[in-house]
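Residue numbers (this note's numbering): -8 to 123.
Every residue gets a Cβ at the ideal spot worked out from N, C-alpha and C, and that includes glycine.
Given the structure is predicted, the values throughout are model-derived calculations rather than measurements.
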């Protein structure tokens, strides 16, 4: 397995938008781009809600339903690049142009969420392991 380069590439919005399927899903969150394809089946809120934001910015959705979740840590192994500097925004009140009102709210018990997140982290750490 190849190690990630020290400097990640800049990914354009048009490149991000091309990765919008169950088999190739990227999202941006606070200006960082993540390949969440392998995480899709582990999301406590289900596959559909992530596919609805695949190829788009998910910042507002995450902040609306999971403000307490450390996305950067949870998906660190999935971080593949960054949006251009002019689209960077670390503001916790950042609301992108995506219409998130039509999306179904994520509901699950805290214990279920913790259990699934732990399994997802284990899977993601295996992917980034040099032992594979």
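As assigned by DSSP and simplified to three states, the class of residue i
| i | result |
| --- | --- |
| residue 39 | helix |
| residue 28 | helix |
| residue 138 | Residue 138 falls outside the range modelled here, since the chain spans only -8 to 123, and no answer is possible. |
| residue 3 | coil |
| residue 17 | strand |
| residue 55 | helix |
Alpha carbon of residue i to alpha carbon of residue j, nearest angstrom
| i | j | result |
| --- | --- | --- |
| residue 58 | residue 51 | 9 Å |
| residue 60 | residue 54 | 9 Å |
| residue 7 | residue 69 | 14 Å |
| residue 33 | residue 74 | 25 Å |
| residue 9 | residue 17 | 9 Å |
| residue 29 | residue -2 | 23 Å |
| residue 39 | residue 62 | 19 Å |
| residue 31 | residue 78 | 25 Å |
Closest Cα partner of residue i within the set the options
| i | options | result |
| --- | --- | --- |
| residue 35 | 19, 47, 16 and 56 | 56 |
| residue 20 | 2, -2 and 39 | 2 |
| residue 76 | 22, 5 and 15 | 22 |
| residue 0 | 25, 12, 15 and 13 | 25 |
Within 9 Å, strictly: CB atoms of residue i and residue j
| i | j | result |
| --- | --- | --- |
| residue 66 | residue 4 | no |
| residue 42 | residue 13 | yes |
Cβ neighbours of residue i in the same chain (closer than 6 Å, five flanking residues each side left out)
| i | result |
| --- | --- |
| residue 45 | 11 and 16 |
| residue 37 | none |
Close Cβ partners of residue i (< 7 Å) along its chain, the five nearest in sequence each way excluded
| i | result |
| --- | --- |
| residue 72 | -1, 0, 1, 2 and 24 |
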